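Trainee:
Right under this line is the structure:
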């Protein structure tokens with residue numbers, strides 16, 4: 006809108022006649038939010054892929070033609086009208102398992118990021134705001150977490166909390182609850198990375214005049230931290246979250262592939278690419294095609310979405326690309 | 618300089634103590650009783666007690682930990698609960714495989730990640746740039762266990778490539794050894810190279826826009842001098858930090874590679890040990906990975922000072 010009202014541009018007068026002069030604040034808000042996406046088709050593609058994966062996870066029982074664990078055909082049947090993506094070594098429908106597999110990937114991704122990003126942000130804000138010994142203690146704790154290769158840390162925590170014994174497919178929330186130990190483990194693995202980014206951002210914000218102003222008018226520490234500073238560092242939180250999303254989905258798939266995530270039999274993309282199925286990747290490639298494509302495409306979508314969000318939200322990069 | 622190193626070393630030591638306590642606590646929480654698991658359900662209470670005593674599983678948490686730490690400080694990391702062999706000797710027999718995987722894939726990551734990032738930035742928006750970025754997008758998204766499995770089955774069928782099943786010693790027959798290890802480690806390094814490439818590219822583009830690059834060019838310096846001496850020096854430090862962070866990912870990747878290829882490295886050993894509550898094994902491996910990760914980060918911090926004379930290590 007602003008461009009059309011610019012008097013230095015030719016045609017401005019004509020356009021003014023036809024343009025809706027008084028756009029509602031809501032519509033102006035939407036068009037302002039939409040503008041940066043228009044030049045980022047890959048970001049839109051990523052958002053669509055992630056939304057589709059979310060839809061698959063939420064509506065799996067409605068979308069999948071069969072139950073994920075039902076034996077609906079012969080062993081390793083090629084794709085056909087009844088089994089669109091063929092059947093696996095046990096005679097289960099690959100398409101249905103791929104659709105249900107989205108529940109594990111998306112469910113674990115949601116709960117582990119909520120936990121990891123939430124705790125990481127909280128620790129980052131509090132330790133950077135107070136500084137001193139509290140900061141020192143938190144830093145030491147984070148250094149411990151950073152001393153492990155991610156996979157070993159997560160596997161140790163899963164083992165300590167108890168590996169998920171079974172997962173009830175169908176309802177995403179129920180499944181997320183069943184897989185809670187896996188999500189907690191991955192979430193703890195994320196805290197360090199998130200906390201570091203948030204802490205650095207808060208350290209900069211803390212020195213700005215608006216924080217002092219808030220303190221002058223009598224705002225308490227909690228209020229300053231969470232009502233004043235947090236909204237200003239929130240872009241960093243979102244950017245960290247979105248750049249972690251693909252990584253988390255791959256991490257969970259890797260753990261399930263190794264056999265330490267979801268229990269055998271639960272439909273998951275990583276798990277369905279492991280075990281017996283691996284022996285048939287050449288003779289019956291459809292066995293890996295469903296989960297392999299779904300996994301790769303979702304991670305790619307998450308990365309595209311993350312890149313777009315970072316370009317749009319990260320103040321350090323704004324306008325640099 | 619030496620004061621800085623002393624401080625870092627002190628930090629190392631403190632962190633190792635915390636790491637060992639953390640791992641010890643976590644393994645205590647793993648459900649199940651190691652003694653009962655190993656001796657079986659019918660084991661008599663006396664035998665269980667004897668086993669616990671022999672492996673330092675009796676007494677309180679604090680007693681067990683101090684016993685382990687006391688042994689460790691004398692260079693005795695204990696025996697594996699399951700195999701009854703010295704943990705250190707098994708560690709050193711399995712270390713070469715993991716070390717080779719991580720060293721090769723880390724070298725590939727540095728080599729391909731940084732060089733392709735620079736080329737991509739210098740030829741921004743060319744076909745080369747597009748191609749490199751496309752490969753990086755796929756490299757980041759394809760799960761490593763899937764491509765490693767495909768490497769295991771496709772070339773063995775069509776090209777007669779044999780994956781390193783019976784891992785050969787690199788010093789007996791270096792050529793054979795590399796022929797076996799290069800393909801999987803190359804694939805393992807794809808995703809970390811992609812991360813590094815994207816970061817190098819954007820960092821390099823940022824630096825190329827700076828005034829001093831324009832000055833260098835307008836002085837008539839050769840383009841190679843401008844990019845390799847002026848731009849690279851300024852773009853490299855953050856890239857190296859990120860490379861250090863990739864090392865943890867490659868250690869994780871090595872676990873997956875060892876599992877897919879069935880290699881007797883540290884990864885598979887650690888996975889089993891975690892599930893079996895084999896505390897001495899997990900403790901040793903955790904301390905080892907912690908030392909590796911901390912050392913690499915220290916080395917990277919020190920190279921900062923070499924690359925950029927403005928950075929003083931005391932800072």
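Protein chains in written order, with our numbering: chain A, 6 to 326; chain B, 618 to 932. The beta carbon of each residue, even a glycine, is placed where N, CA and C say it ideally should be. Remember, it's a predicted structure, so these values are computed and weren't measured experimentally.
#1: Spatial neighbours of residue 289(A) within its chain, please: C-beta separation below 6 Å, excluding the five flanking residues on both sides.
#2: Work out the CA separation of residue 307(A) and residue 54(A) for me, nearest whole Å.
#3: For the stretch 236 to 267 of chain A, enumerate the residues whose C-beta is nearer than 8 Å to any C-beta of chain B, in chain order.
#4: Check whether the stretch 871 to 878 of chain B and the stretch 913 to 926 of chain B touch, using three or more Cβ-Cβ pairs below 8 Å as the test.
#5: Compare the C-beta of residue 18(A) against all C-beta atoms of chain B and say whether one is closer than 7 Å.
#6: Mind the definition here: the stretch 291 to 306 of chain A touches the stretch 239 to 256 of chain A only if three or more C-beta pairs lie below 8 Å; say whether that holds.
#7: Does residue 854(B) come within less than 7 Å of chain A when only Cβ atoms are used?
#8: Which runs of the alpha helix (DSSP H) fall wholly inside the stretch 740 to 779 of chain B and span at least 4 residues, in chain order?
#9: With respect to the alpha helix (DSSP H) encompassing residue 896(B), which residues constitute its N-terminal and C-terminal limits?
#10: Please determine, among 265(A), 237(A) and 59(A), the residue with the shortest C-alpha to C-alpha distance to residue 112(A).
#11: Give me the Cα-Cα distance between residue 76(A) and residue 107(A), rounded to the nearest whole angstrom.
#12: Name the two residues that bound the continuous alpha helix (DSSP H) containing residue 86(A).
#13: How do the stretch 633 to 647 of chain B and the stretch 790 to 806 of chain B stand: do at least 3 beta-carbon pairs fall below 8 Å, yes or no?
#14: On the three-state DSSP scale, how would you describe residue 693(B)?
#15: Just to make sure I have the definition right: I need the residues of chain B whose C-beta is within less than 8 Å of the C-beta of residue 93(A). Which are they?
#16: Rounded to a whole number of angstroms, what is the C-alpha to C-alpha distance between residue 315(A) and residue 735(B)?
#17: State the start and end residues of the unbroken alpha helix (DSSP H) segment that holds residue 209(A).
#18: Any C-beta of chain A sitting closer than 7 Å to the C-beta of residue 704(B)?
#19: Please classify residue 842(B) as buried or exposed, where buried requires at least 16 other C-beta atoms within 10 Å of its C-beta.
#20: Give the residues of chain A in contact with residue 911(B), contact being defined as C-beta atoms less than 8 Å apart.
#21: Can you find at least 3 beta carbon pairs, one from the stretch 218 to 235 of chain A and one from the stretch 188 to 198 of chain A, that sit closer than 8 Å?
#22: Buried or exposed for residue 831(B), please, with buried defined as at least 16 other CB atoms from any protein chain shown within 10 angstroms of its CB.
#23: With a cut-off of 8 Å, do at least 3 Cβ pairs link the stretch 196 to 211 of chain A to the stretch 126 to 137 of chain A?
#24: How should residue 658(B) be labelled, buried or exposed, when 16 other C-beta atoms within 10 angstroms of its C-beta is the threshold for buried?
#25: With a cut-off of 8 Å, do at least 3 Cβ pairs link the stretch 638 to 656 of chain B to the stretch 159 to 175 of chain A?
#26: For residue 632(B), which residues in chain A fall below 7 Å Cβ to Cβ?
#27: Assign residue 911(B) to buried or exposed, taking buried as 16 or more other Cβ atoms, counted over all protein chains shown, within 10 Å of its Cβ.
#28: Applying the 10 Å Cβ sphere with the 16-neighbour rule, what's the burial state of residue 741(B)?
#29: Closest Cβ-Cβ distance between residue 891(B) and chain A: below 7 Å?
#30: Leaving aside the five residues before and after residue 272(A) along the sequence, list all residues of the same chain whose C-beta is less than 6 Å from its C-beta, in chain order.
#31: If we cut at 7 Å on Cβ distances, does residue 301(A) have a partner in chain B?
#32: For the stretch 736 to 762 of chain B, enumerate the residues whose C-beta is nearer than 8 Å to any C-beta of chain A, in chain order.
#33: Apart from the five residues on each side of it in sequence, which residues of its chain come closer than 7 Å, Cβ to Cβ, to residue 762(B)?
#34: Would residue 93(A) pass as a contact of residue 267(A) if the rule is Cβ separation under 7 Å?
#35: Here's the rule I'm using: 16 or more other beta-carbon atoms within 10 Å means buried, otherwise exposed. How should residue 672(B) be labelled?
#36: Is it the case that the Cβ atoms of residue 766(B) and residue 283(A) are separated by a distance below 7 Å?
Mentor: Reading off the structure:
#1: Working through the first chain from its first residue, we reach residue 289(A) at position 284. Closer than 6 Å at the Cβ level, and outside the excluded window around residue 289(A), lie 81.
#2: Residue numbering aside, residue 54(A) sits at position 49 when the first chain is read from its first letter. Residue numbering aside, residue 307(A) sits at position 302 when the first chain is read from its first letter. Between residue 54(A) and residue 307(A), the C-alpha separation is close to 8 Å.
#3: 251, 255, 258, 259, 262, 263 and 265
#4: no
#5: Residue 18(A) sits at position 13 when you count from the first residue of the first chain. For residue 18(A), the predicted model reports a pLDDT of 48, less than 50, meaning its position is unreliable; a value from the coordinates is still stated below. Taking Cβ atoms only, chain B never reaches closer than 7 Å to residue 18(A), which makes this a no.
#6: yes
#7: The residue given as residue 854(B) occupies position 237 in the second chain. Judged by the 7 Å Cβ criterion, residue 854(B) is not in contact with chain A.
#8: 744 to 758 and 761 to 775
#9: Taking the first residue of the second chain as position 1, residue 896(B) is located at position 279. Run containing residue 896(B): 896 to 924, per the alpha helix (DSSP H) assignment.
#10: The residue labelled residue 112(A) in the question sits at position 107 within the first chain. Closest by alpha carbon: 59(A).
#11: Walking along the first chain from the start, residue 76(A) turns up at place 71. Walking along the first chain from the start, residue 107(A) turns up at place 102. Rounded to the nearest angstrom, the two C-alpha atoms are 20 Å apart.
#12: Numbered from its first residue, the first chain carries residue 86(A) at position 81. No alpha helix (DSSP H) holds residue 86(A); DSSP gives it neither H nor E.
#13: no
#14: Taking the first residue of the second chain as 1, we reach residue 693(B) at position 76. Looking at residue 693(B) - three-state DSSP - the assignment turns out to be coil, as it is neither helix nor strand.
#15: On the first chain, residue 93(A) is found 88 positions in, with the first residue counted as 1. Simply none; closest approach about 15 Å.
#16: As a working note, residue 315(A) is residue 310 in the first chain. As a working note, residue 735(B) is residue 118 in the second chain. If I take the Cα positions, the gap works out to 22 Å.
#17: Working through the first chain from its first residue, we reach residue 209(A) at position 204. First-last of the alpha helix (DSSP H) with residue 209(A): 185 to 211.
#18: Residue numbering aside, residue 704(B) sits at position 87 when the second chain is read from its first letter. No, its Cβ sits nowhere closer than 7 Å to a Cβ of chain A.
#19: Residue numbering aside, residue 842(B) sits at position 225 when the second chain is read from its first letter. It is exposed - the Cβ of residue 842(B) has fewer than 16 other Cβ atoms within 10 Å.
#20: The residue given as residue 911(B) occupies position 294 in the second chain. Result: 152.
#21: no
#22: To locate residue 831(B), count along the second chain from 1; it is residue 214. Exposed is the call here.
#23: yes
#24: As a first step, residue 658(B) is located in the second chain; it is residue number 41 there, counting from the start. The residue is exposed, with fewer than 16 neighbouring Cβ atoms inside 10 Å.
#25: yes
#26: Taking the second chain and counting its residues from 1, the one referred to as residue 632(B) is at position 15. Result: 148, 149 and 152.
#27: For the purposes of this step, residue 911(B) is taken as residue 294 along the second chain, with counting starting at 1. With 16 or more other Cβ atoms within 10 Å, it is buried.
#28: Position 124 of the second chain holds residue 741(B). Exposed is the call here.
#29: Sequence index remark: in the second chain, residue 891(B) carries index 274 (1-based). True, the Cβ-Cβ gap to chain A drops below 7 Å.
#30: Residue numbering aside, residue 272(A) sits at position 267 when the first chain is read from its first letter. For residue 272(A), where only same-chain residues beyond five positions count, the Cβ hits under 6 Å are 73, 102, 105 and 106.
#31: Within the first chain, the letter at position 296 stands for residue 301(A). Interface residue, yes.
#32: 754, 755, 757, 758, 759, 760, 761 and 762
#33: The residue given as residue 762(B) occupies position 145 in the second chain. Counting only Cβ-Cβ distances below 7 Å, and skipping sequence neighbours, we find 873 and 877.
#34: Taking the first chain and counting its residues from 1, one reaches residue 93(A) at position 88. Taking the first chain and counting its residues from 1, one reaches residue 267(A) at position 262. Contact: no.
#35: As a working mapping, residue 672(B) is identified with position 55 in the second chain. Buried, by the Cβ-count rule.
#36: If you number the second chain from 1, residue 766(B) lands on position 149. If you number the first chain from 1, residue 283(A) lands on position 278. Yes, they are a contact pair.
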